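Residue numbers (this note's numbering): 3 to 305. All C-beta atoms, glycine included, are put in the ideal place defined by N, C-alpha and C. Computed from a predicted model, the values in this text were never measured in an experiment.
Structural data, given as structure tokens:
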């Protein structure tokens, strides 16, 4: 009995120790609910006002095509894409994030740049063409770099932890978009057509390639459920498809409408004229007589 008592005390003492040991481990284990809960944002006067201004501005622009209407439409679109609800939902849905990004990089900047007057183009090439080319290439590089950075998985996770895209990111995207489209559309006479087309096509190819990767789910699932009630796979593929369609609808018509500036046209005419003069002069210069011509007495001309 003494032996049984000793064994019972040992067992009870071991149970207490194991209980304390298990409690210690359970307290040190990370909670499975450490994933941040999705942030919520409610519709307010800012969002409704931005939508109203965008609709009215776009309707006015489609009817009259005035500078004021394009500026109003651009302001409304940019305000909505940078609103709290859009920046919050962008961390929960790849499709919403891409729509907001394309508004800030493409649609709003294009409308804003349309209100900027075209530069006065002369028959003479600009003496600052080299400097203007450097400043035009810069926004194109920033455009492509921003698209790559925002799709880095670490940036996705950081945005999910924050629950909202910072306002400075939206502002930066808008400024880069305005500078990029101004470099493509408002540098005629200062930057050659070849460079302007390269800036346009290069950055849009980056966007199209990223959209193609999104179709194959390259960026992983979002941390939270989509506000649109879509699965993560469908949401990401729709976001990629939207980017690819936007690139094609915008870049191809603009690339087709870009034309040579008067200075470039004059340079081409001068080169064509000089080539024609050299060709005509070359045609009437006799070559050295070949052995057959020397024997037969025939002159060989370069005709």
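Taking just the CA atoms, how far does residue j sit from residue i?
| i | j | result |
| --- | --- | --- |
| residue 105 | residue 80 | 7 Å |
| residue 74 | residue 117 | 10 Å |
| residue 246 | residue 237 | 15 Å |
| residue 215 | residue 242 | 7 Å |
| residue 194 | residue 51 | 41 Å |
| residue 199 | residue 207 | 12 Å |
| residue 65 | residue 162 | 41 Å |
| residue 132 | residue 111 | 25 Å |
| residue 76 | residue 134 | 26 Å |
| residue 72 | residue 231 | 33 Å |
| residue 82 | residue 53 | 7 Å |
| residue 192 | residue 47 | 43 Å |
| residue 203 | residue 259 | 13 Å |
| residue 63 | residue 95 | 30 Å |
| residue 139 | residue 180 | 13 Å |
| residue 173 | residue 253 | 23 Å |
| residue 182 | residue 59 | 23 Å |
| residue 150 | residue 159 | 15 Å |
| residue 201 | residue 184 | 11 Å |
| residue 144 | residue 78 | 24 Å |
| residue 190 | residue 115 | 14 Å |
How is the alpha helix (DSSP H) around residue i delimited, first residue to last?
| i | result |
| --- | --- |
| residue 105 | Here residue 105 belongs to no alpha helix (DSSP H), and DSSP marks it neither H nor E. |
| residue 247 | 234-259 |
| residue 262 | Segment: none, residue 262 is in no alpha helix (DSSP H) and carries neither H nor E. |
| residue 69 | 69-83 |
| residue 228 | Residue 228 -> no alpha helix (DSSP H), and no H or E assigned at all. |
| residue 63 | 47-66 |
| residue 159 | 155-164 |
| residue 151 | 131-152 |
| residue 168 | Careful: residue 168 lies outside any alpha helix (DSSP H) and carries neither H nor E. |
| residue 115 | 110-116 |
| residue 90 | 86-91 |
Please check the pair residue i and residue j, which I expect to be a contact at CB under 8 Å, by giving their CB distance rounded to whole angstroms.
| i | j | result |
| --- | --- | --- |
| residue 157 | residue 248 | That pair is no contact at about 21 Å. |
| residue 98 | residue 49 | The Cβ separation is near 13 Å, so there is no contact. |
| residue 100 | residue 244 | 5 Å |
| residue 255 | residue 91 | With a Cβ gap of about 30 Å, residue 255 and residue 91 do not count as contacting. |
| residue 166 | residue 93 | 6 Å |
| residue 217 | residue 178 | Wrong, their Cβ atoms sit about 25 Å apart, outside the cutoff. |
| residue 146 | residue 205 | 5 Å |
| residue 121 | residue 164 | Not quite, the Cβ-Cβ distance comes to about 41 Å (not below 8 Å), so this is no contact. |
Using DSSP bridges, identify the partner residues of residue i.
| i | result |
| --- | --- |
| residue 190 | 193 |
Quick check on residue i: buried or exposed, where buried means 16 or more other Cβ atoms within 10 Å of its Cβ?
| i | result |
| --- | --- |
| residue 169 | exposed |
| residue 56 | buried |
| residue 141 | buried |
| residue 34 | Low confidence applies here, because residue 34 scores a pLDDT of 41, under 50, leaving its location unreliable; read the following figure in that light. That one is exposed. |
| residue 235 | exposed |
| residue 250 | exposed |
| residue 240 | buried |
| residue 89 | buried |
| residue 68 | exposed |
| residue 233 | exposed |
| residue 45 | exposed |
| residue 113 | buried |
| residue 136 | exposed |
| residue 366 | No statement about residue 366 is possible, as the shown extent of the chain runs from 3 to 305 and does not include it. |
| residue 196 | exposed |
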